[in-house]
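Structure first, then comments.
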Amino acid sequence: MKILKSIKKYFLKCLNKYFVFMIGIFITSSAFCDPAADPLAATVLPQIQALFGPTSTISYCIYLAEIIVGAVGYVKTKNLLILIGVPILVIFTSAMFTYIGGK
Numbered sequence: 006m007k008i009l010k011s012i013k014k015y016f017l018k019c020l021n022k023y024f025v026f027m028i029g030i031f032i033t034s035s036a037f038c039d040p041a042a043d044p045l046a047a048t049v050l051p052q053i054q055a056l057f058g059p060t061s062t063i064s065y066c067i068y069l070a071e072i073i074v075g076a077v078g079y080v081k082t083k084n085l086l087i088l089i090g091v092p093i094l095v096i097f098t099s100a101m102f103t104y105i106g107g108k
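The letter at position 47 of the sequence shown is residue 52 when you use my numbering, and the numbering goes up by one with no holes.
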């Protein structure tokens with residue numbers, strides 16, 4: 006019973022800390038994100054597409070890292086699910102880069 010009380014006390018302390026953090030993020034984002042600032046975002050959009058778009062160097066490096074980590078994981082564990090997970094990760098990453106790039 007004493008252990009449960011200590012777990013509950015720790016959980017409530019962490020919950021309070023993260024709740025205050027999330028409220029702080031919400032307040033600052035609502036204070037600094039002006040909806041009238043679209044022209045600034047429009048000027049930065051081509052740079053974001055060049056950096057994080059589906060044909061950027063960053064995406065190719067991430068694809069290569071996913072393939073290498075998948076191959077090494079398969080060799081170490083001999084589990085086919087790890088090897089099958091590589092194309093799934095590549096497809097998911099490609100979709101996310103397309104979404105981030107805005108195309």
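The C-beta atom is built at its ideal place from N, Cα and C for all residues, glycine as well. No experiment lies behind these values; they were computed from the predicted model shown.
### Short Cβ contact (7 Å threshold) for Phe102 with Pro59
Against the sequence shown, residue 102 aligns to sequence position 97. Against the sequence shown, residue 59 aligns to sequence position 54. Yes.
### Task
Write down the C-beta distance between Thr98 and Glu71 rounded to the nearest angstrom, noting that I regard them as a contact closer than 8 Å.
Locating residue 98 in the sequence shown gives position 93, counting from the first residue. Locating residue 71 in the sequence shown gives position 66, counting from the first residue. Confirmed, Cβ separation roughly 7 Å.
### Query
What do you get for Gly75, buried or exposed, if any count of 16 or more other CB atoms within 10 angstroms of its CB means buried?
The count along the sequence shown starts at 1 and reaches residue 75 at position 70. Gly75 comes out buried.
### Task
May I have the straight-line CA-CA distance separating Ile63 from Lys14, to the nearest angstrom?
Position 58 of the sequence shown, counted from the start, is the residue given in the question as residue 63. Position 9 of the sequence shown, counted from the start, is the residue given in the question as residue 14. Each residue's Cα considered, the two are about 44 Å apart.
### Query
Just curious, the alpha helix (DSSP H) that Gly81 is in, first and last residue?
Taking the sequence shown and counting its residues from 1, one reaches residue 81 at position 76. Sequence check: residue 81 is Lys here, not Gly. Start and end: 62-82.
### Task
Assign Gly90 to one of three DSSP states: helix, strand, or coil.
Position 85 of the sequence shown, counted from the start, is the residue given in the question as residue 90. Helix, per DSSP.
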